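Undergrad: Just passing along the structure, written as structure tokens.
Residue numbers (the working numbering), protein chains in the order written: chain A, 184 to 884; chain B, 184 to 884.
This is the structure:
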């Protein structure tokens with residue numbers, strides 16, 4: 184849903200009401216009151232049975248509160264929570280956090296209650312979090328409006344989670360690691376505000392530098408993509424989207440009632456949204472911390488400085504695994520290192536300052552390589568030795584990093600001796616990991632974010648199409664028993680400018696011959712019937728039919744169809760220009776609808792490439808020209824389109840254009856539930872869509 | 184090399200000499216003496232300039248020591264180290280650790296010194312570690328024979344590392360994490376003892392339960408495979424082999440002078456050896472710890488118990504990513520959980536005991552699921568709540584794990600509050616991770632190790648072959664200018680029982696016709712010349728030649744070849760039975776030699792599958808029947824051999840047999856440096872090798 188204005192009041196209220204405030208031991212109402220004790224603003228307990236709660240004057244009803252309340256936390260039982268929210272709304276409270284559980288997650292009665300909440304929120308323009316939420320926190324105003332056991336430390340990352348318990352676990356751990364947050368929200372059932380709203384809120388919030396989240400589903404994929412693209416220009420978004428696997432999706436569904444969209448749609452959608460997707464908790468915070476602490480690199484070339492060869496090799500391997508490269512130093516750098524380092528040192532990348540290096544040598548080496556214009560970032564690795572002193576080294580690394588402004592990650596290896604130096608590094612935004620590979624992966628995420636910020640999200644091209652004609656063809660399904668269309672809908676493609684072979688569907692042998700005579704050379708003839716899906720299997724396709732044989736072929740095709748299925752609806756026979764499959768490559772272009780992301784385009788080469796090698800790629804439509812090009816680039820068999828094995832390259836632009844035109848068609852008509860062009864034959868001279876199948880929902884026309 | 188008997192004296196000596204012992208500040212000789220202070224046996228300083236070192240009587244020379252010395256650590260400078268080692272050997276010391284650097288790693292002079300060391304070791308049957316080693320440690324005798332800054336804690340993992348600095352880093356960290364070791368060895372330059380020797384030593388050592396290592400190369404791949412297969416029956420081996428990527432291999436090579444074998448060979452070889460390969464340091468210790476602490480699971484079905492839905496989904500995703508499955512509970516289990524858990528709980532896997540679960544409920548749930556015969560292992564996840572008490576939970580988990588004997592991993596999430604409970608779990612061998620995914624990955628490694636122990640390494644089948652004939656054909660290369668052979672060597676395949684089409688190579692048109700007349704139908708004719716590699720390009724191949732046209736075709740082929748290259752050696756024309764490529768599938772079967780692992784077999788489908796999709800698989804030869812079958816299974820395009828797209832399945836047994844027969848050939852003849860059968864055509868009726876190319880080193884015949 185679209186976020187109502189002023190939603191920031193959720194995180195920076197002046198006066199917070201607690202509906203259901205109490206002192207009763209073990210109750211959530213008490214936990215909230217205790218957590219709000221340090222709140223910088225006013226707390227207003229609402230409880231008809233009490234005059235005060237923890238010494239603060241309580242009111243029987245929100246209507247009785249003399250001063251305006253910005254935000255309310257609702258903890259009363261589910262059967263009265265809806266009325267409580269209505270009452271808040273009627274009294275002008277715009278921001279409501281419903282902690283109470285027992286809504287959509289519990290069955291039909293709960294779902295009805297949740298629907299009521301949505302209606303109230305819509306009527307009164309409420310910013311409503313939850314229900315079934317752990318609450319919200321915001322450190323600048325010292326607000327802990329949750330019933331979790333821990334306060335958050337101040338910081339510049341804002342965190343949303345579809346699992347409240349996960350917030351408690353993360354906070355416990357983060358506090359131990361000195362990791363701070365700006366805002367935290369437990370999304371609960373997302374009856375009203377969802378992930379899209381919060382990335383929008385935090386985008387407008389100058390104090391949030393990184394957005395991170397744990398999600399089990401995304402409510403409205405397309406809206407999320409469009410919003411996130413805007414957000415990630417300035418603020419990186421790092422998400423764990425769980426339920427990635429079939430087993431996980433099933434578990435997520437039973438946990439939150441999220442309808443499972445396909446993982447492929449999420450993968451494509453989150454990528455198109457510019458989100459950095461973390462696979463697990465460790466990656467989530469590794470990525471978030473480096474994004475929070477370090478500038479993005481201006482290139483992908485990494486220098487490695489180490490006092491030990493082995494870990495240097497490990498870092499180099501990790502760089503080989505990533506999208507980063509080992510920097511190649513300028514002659515000047517090699518010379519300067521040669522002058523400064525001992526003879527046994529390796530002055531090429533990875534730089535090995537060797538085991539007897541003291542802090543000074545380390546610092547000097549880092550300074551020299553960061554000076555190099557060929558170096559965009561650095562990984563500093565150290566094993567404990569008698570001469571290296573980690574605390575000083577941490578200061579040196581921070582100092583040199585700040586001097587040059589390139590991102591630096593560290594792997595000062597060891598146990599206890601690393602604790603204080605790691606704190607020093609963290610204070611300067613430099614992550615430190617025992618494992619050099621993990622340090623490199625963080626740097627890789629930083630470079631990926633740089634790529635995201637540099638993306639230009641140009642709008643999809645709007646081709647000049649015949650939309651009315653397309654609608655007319657789609658409407659033909661209204662007269663059918665089935666909602667499927669086949670070759671009889673080829674003109675749909677013509678209407679949207681996707682080339683099809685010359686030809687027509689005819690209902691008499693004479694007309695068939697007329698069509699064939701208008702086409703050079705032999706023709707292909709196919710029976711057209713919504714009831715016969717596998718035409719070839721029943722001999723319903725004839726190839727290379729000469730003009731004089733067309734009439735006989737017509738009769739024969741119809742007879743075969745009748746024999747196969749006497750009651751089949753026969754729409755006629757398609758007479759089509761032969762497509763030269765020898766000089767062409769068969770591709771498949773299709774679309775189906777994902778419950779979260781909507782139209783999902785698929786592209787791949789035909790035959791074994793789709794069926795056996797599963798070499799396909801997907802994108803959420805509408806797709807831009809760049810996204811369409813990426814689809815062709817991404818398939819493994821792309822070289823076959825590009826002149827591999829001595830063939831002429833196909834007209835790739837024509838393929839790219841077809842992808843975009845189909846994208847426009849399926850975006851224009853949500854009634855098209857599924858569509859496959861198979862094959863779309865690509866040749867050096869263009870493309871031709873030879874066959875089509877689609878499913879239409881006439882109610883959406 | 185083969186490990187000399189008694190090498191265990193390295194780790195359990197009674198009397199250790201330190202050659203170069205001194206009290207000089209900052210010296211390695213002093214560091215060793217200090218580290219050996221706690222040694223349970225006797226330390227004997229050797230230093231001609233001192234009467235005593237740290238109050239222990241010193242000797243001028245090993246010959247002067249009255250009692251026998253088991254082991255000596257050598258730290259004297261490189262130019263006298265070789266003589267020192269010889270002196271030790273002459274005086275009956277069998278175990279020598281050469282700390283001194285300045286050998287093979289520093290150029291030709293050092294390499295010569297290293298060669299001398301090898302000769303002495305060979306002459307006197309020395310167990311020699313190093314040179315350029317950090318030293319050795321063994322905790323049962325409190326021996327720290329290294330110059331590293333830390334002692335190891337006692338434990339049952341033994342660790343070898345090709346990087347000494349990495350040992351210091353690991354020890355510093357491990358001590359902090361309470362991780363102990365039995366033996367540690369810094370391999371140094373591996374002049375004598377290498378990784379194969381140490382896995383053998385530790386296999387015989389009852390106190391080593393897990394072997395772990397950091398390697399940048401393996402000296403003798405085949406020997407390592409054969410030894411490791413034996414070792415891993417009882418003792419798991421976990422290795423980081425760095426230099427995995429091109430960049431990493433280059434860095435490793437400049438670090439240790441290791442000649443880079445191909446990563447594909449390492450991947451195949453370590454897999455065939457039954458080694459668990461870790462990608463990075465974190466995985467190395469994660470895998471090692473669970474292997475050390477938990478029994479292997481008797482199946483792959485995992486139960487997840489959690490008090491929070493979100494982290495339960497994360498664990499489920501990780502199981503989906505792994506080779507493990509979510510266990511499906513018996514009805515009885517579901518019933519018992521139903522009776523014991525509250526209504527809101529999820530009693531199917533992942534079991535959610537929900538946020539208000541106390542320790543008792545958690546314990547009960549774990550006990551019930553581990554009772555289930557469908558459950559092989561469990562992951563226990565907890566977020567901090569007001570009612571859960573982690574310390575007690577850790578005890579409960581350990582108790583229930585011990586009761587049932589199934590492996591259990593934990594993810595008690597949080598910060599400081601987890602420290603003590605994690606110690607408790609560790610004391611019971613149960614790893615605990617903040618990230619549930621990491622817990623699952625460890626469990627996955629444990630199951631993989633179980634699979635390894637269950638493998639039956641049957642020897643390669645020995646086919647009845649004509650080895651003399653093969654040798655004769657290979658010797659034909661001795662009369663050539665080049666060391667390449669082509670179709671003229673087809674009989675090599677016949678000699679080893681790999682079917683080839685009927686035919687012969689002839690040198691006159693008349694003979695060509697004679698051969699053709701003996702073959703049904705048309706024939707294929709090809710020019711045979713070691714100087715013409717791409718026969719088709721010059722029109723040097725004719726297909727479907729009828730008997731009456733054979734003579735003309737002969738003349739034409741020879742003319743074309745002469746025109747193309749007047750001075751080309753023309754061995755004749757091959758007249759070959761036509762192979763039905765329509766009913767067949769072209770495959771490629773090849774071999775090249777890896778510097779570490781020797782003959783590396785390659786299999787894949789021909790054409791685009793090899794050239795564009797790079798869909799091939801490799802194994803170190805000789806291969807067993809099972810390994811040959813795996814090669815076919817592993818390629819992505821395997822379904823094309825098995826009747827995909829309506830074709831008849833090929834005779835897969837014949838393909839598997841050809842792989843084994845070629846394996847036997849290349850194992851029998853190390854002189855074959857490279858060999859390609861391309862194509863090996865597989866049909867429903869068998870296989871036929873249509874073309875062959877090989878490179879032979881006549882000096883190895």
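Backbone N, C-alpha and C define an ideal beta-carbon position, used for all residues, glycine too. Fair warning: this is a prediction, and the values are worked out from it, not measured in the lab.
#1: So with Cβ pairs under 7 Å, would you call residue 796 of chain A a contact of chain B?
#2: Count the other CB atoms, across all protein chains shown, that sit within 10 Å of the CB of residue 505 of chain A; report buried if there are 16 or more and exposed otherwise.
#3: Which partner residues does residue 377 of chain B have in the DSSP bridge list?
#4: Are the C-beta of residue 188 of chain A and some C-beta of chain B separated by less than 7 Å?
#5: Counting only Cβ pairs nearer than 8 Å, list the residues of chain B close to residue 360 of chain A.
#6: Which residue from A:665, A:592, A:615 and A:640 puts its Cα closest to that of residue 629 of chain A?
#7: Return the CA-CA distance between residue 856 of chain B and residue 877 of chain B, expressed in angstroms with no decimal places.
#8: So, is residue 748 of chain A buried or exposed, given that buried needs 16 or more other C-beta atoms within 10 angstroms?
#9: Show which residues of chain A have a CB atom less than 8 Å away from the CB atom of residue 497 of chain B.
#10: Which complete beta strand (DSSP E) runs does the segment 589-665 of chain B hold, if anything under 3 residues is left out?
#11: Quick check: what's the CA-CA separation for residue 657 of chain A versus residue 881 of chain A?
#12: Quick check on the DSSP output: the alpha helix (DSSP H) that includes residue 850 of chain A runs from which residue to which?
#13: Under 7 Å between beta-carbons, which chain A residues line up against residue 509 of chain B? List them in chain order, please.
#14: Could you tell me if residue 723 of chain A is buried or exposed, where buried requires 16 or more neighbouring beta carbons within 10 angstroms of its beta carbon?
#15: Please classify residue 662 of chain B: is it buried, with 16 or more other beta-carbons within 10 angstroms of its beta-carbon, or exposed?
#16: Residues in its own chain within less than 6 Å of residue 859 of chain B by CB, not counting five upstream and five downstream?
#17: Please list the partners that residue 212 of chain B has in chain A, where partner means a Cβ-to-Cβ separation under 9 Å.
#18: What does the Cβ neighbour count give for residue 585 of chain A, buried or exposed, with the cut at 16 atoms within 10 Å?
#19: By DSSP, does residue 307 of chain B sit in helix, in strand, or in coil?
#20: Quick one: which residues of the segment 374-404 of chain A get their C-beta closer than 8 Å to a C-beta of chain B? List them in chain order.
#21: Measure the Cβ-Cβ separation of residue 263 of chain B and residue 242 of chain B and say whether it is below 7 Å.
#22: Determine the extent of the alpha helix (DSSP H) in which residue 315 of chain B is found, giving its start and end residues.
#23: Let me know the beta strand (DSSP E) ranges lying completely inside the segment 769-812 of chain B, each 3 residues or longer, listed in chain order.
#24: Looking at C-beta atoms only, is the number of pairs between the segment 401-409 of chain A and the segment 347-355 of chain A that lie closer than 8 Å three or more?
#25: Relative to the C-alpha of residue 636 of chain B, which residue among B:341, B:454, B:664 and B:257 is closest?
#26: For the segment 333-358 of chain A, enumerate the residues whose C-beta is nearer than 9 Å to any C-beta of chain B, in chain order.
#27: Three-state secondary structure (DSSP) at residue 552 of chain A?
#28: In whole angstroms, what is the alpha-carbon distance linking residue 410 of chain A and residue 382 of chain A?
#29: With the cut-off set at 7 Å, would you say residue 265 of chain B and residue 313 of chain B are in Cβ contact?
#30: With distances taken between CB atoms, is the gap from residue 678 of chain B to residue 653 of chain B smaller than 7 Å?
#31: Our contact map puts residue 715 of chain A next to residue 861 of chain A with C-beta atoms below 8 Å; I'd like the distance itself, whole angstroms only.
#32: Label residue 327 of chain A either buried or exposed according to how many other C-beta atoms from any shown protein chain fall within 10 Å of its C-beta, with 16 as the threshold for buried.
#33: Between the alpha carbons of residue 418 of chain A and residue 619 of chain B, how many angstroms are there, rounded?
#34: Would you check if the segment 669-677 of chain A and the segment 691-707 of chain A touch, i.e. whether three or more CB-CB distances between them fall below 8 Å?
#35: Skipping 5 residues on each side, what residues in its chain have a beta carbon closer than 7 Å to that of residue 260 of chain A?
#36: Could you have a look at residue 458 of chain A and say whether DSSP puts it in helix, strand or coil?
TA: In short, the structure shows the following:
#1: yes
#2: buried
#3: Looking at the DSSP assignment, residue 377 of chain B forms no beta bridge with any residue, so it has no partner.
#4: Confidence at residue 188 of chain A is low in this model, with a pLDDT of 44, below 50, so its placement is unreliable and the value that follows should be read with caution. Output row for residue 188 of chain A: interface = no.
#5: 598
#6: A:592
#7: 7 Å
#8: exposed
#9: 423, 425, 431, 463 and 464
#10: 591-595
#11: 8 Å
#12: 835-851
#13: 430
#14: buried
#15: exposed
#16: 773 and 876
#17: The premise fails here: residue 212 of chain B is roughly 14 Å from chain A at the closest Cβ pair, so nothing lies under 9 Å.
#18: exposed
#19: helix
#20: 397 and 399
#21: no
#22: Unbroken run through residue 315 of chain B: none, as it is neither H nor E.
#23: 781-788 and 799-803
#24: no
#25: B:454
#26: 333, 344, 345, 346, 347, 348, 349, 350, 351, 352, 353, 354, 355, 356, 357 and 358
#27: helix
#28: 8 Å
#29: no
#30: yes
#31: Wrong, their Cβ atoms sit about 16 Å apart, outside the cutoff.
#32: buried
#33: 28 Å
#34: no
#35: 283
#36: coil
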